[in-house]
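**Q** Please see the structure below; I have some questions.
In our numbering, the protein residues as written are 3 to 152.
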């Protein structure tokens with residue numbers, strides 16, 4: 003599986019009544035709304051697989067408690083899985099983001115290490131998540147997004 007950088011998607015910020023202040027945006031594909039709302043205000047990167055799935059990287063645009071949101075979308079632009087990286091009172095800056103040959107992306111977010119995100123061909127049960135990471139589906143579900151620190 004190869005990941006190719008694309009520029010098909012954009013985010014349009016929206017107000018969510020009753021939200022906890024987290025940034026939310028409507029997802030646009032080629033300028034048209036696709037009916038999907040995601041967390042995040044700034045679309046940092048987007049990659050397409052050879053089978054039409056999409057990986058999106060979005061941030062909240064908050065200088066003090068930045069969060070990184072990673073989404074796996076199906077070919078209909080619907081969220082299949084997501085990872086959210088961030089901690090209270092902890093700054094995070096997304097940098098050194100790059101697609102590696104094959105099925106993985108590496109990046110830095112917190113100042114103390116790098117992450118490697120791999121898109122698995124088949125869902126796999128993953129026990130726990132690195133510090134500051136929450137996932138949907140939950141921590142013990144089978145997932146295709148595999149995140150490792152290192």
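Glycine residues also receive a C-beta, built at the ideal position from the N, C-alpha and C atoms. Fair warning: this is a prediction, and the values are worked out from it, not measured in the lab.
Using a Cβ distance threshold of 8 Å, determine whether the region 52-64 contacts the region 122-131, with at least three qualifying pairs required.
**A** Taking 8 Å as the limit for Cβ pairs, the verdict is that the region 122-131 does not touch the region 52-64.
**Q** Between 29, 50, 41, 39, which has its C-alpha nearest residue 6's C-alpha?
**A** For the purposes of this step, residue 6 is taken as the residue at position 4 of the chain shown. When each option's Cα is compared against that of residue 6, the closest is 50.
**Q** Are the CB atoms of residue 27 and residue 47 nearer to each other than 8 Å?
**A** Against the chain shown, residue 27 aligns to sequence position 25. Against the chain shown, residue 47 aligns to sequence position 45. The answer is no: Cβ separation not under 8 Å.
**Q** Are the CB atoms of residue 115 and residue 151 within a distance shorter than 8 Å?
**A** Numbered from 1 along the chain shown, position 149 holds the residue referred to as residue 151. Numbered from 1 along the chain shown, position 113 holds the residue referred to as residue 115. It is a contact, given that the beta carbons lie within the stated cut-off.
**Q** Does residue 95 come out as helix, strand or coil in the three-state DSSP assignment?
**A** Here the question's residue 95 lines up with position 93 in the chain shown. It is coil, neither helix nor strand.
**Q** Closest to residue 68 by CA distance: which of 15, 87, 83, 56 is it?
**A** Taking the first residue of the chain shown as 1, we reach residue 68 at position 66. Of the candidates 15, 87, 83, 56, the one whose C-alpha sits nearest the C-alpha of residue 68 is 87.
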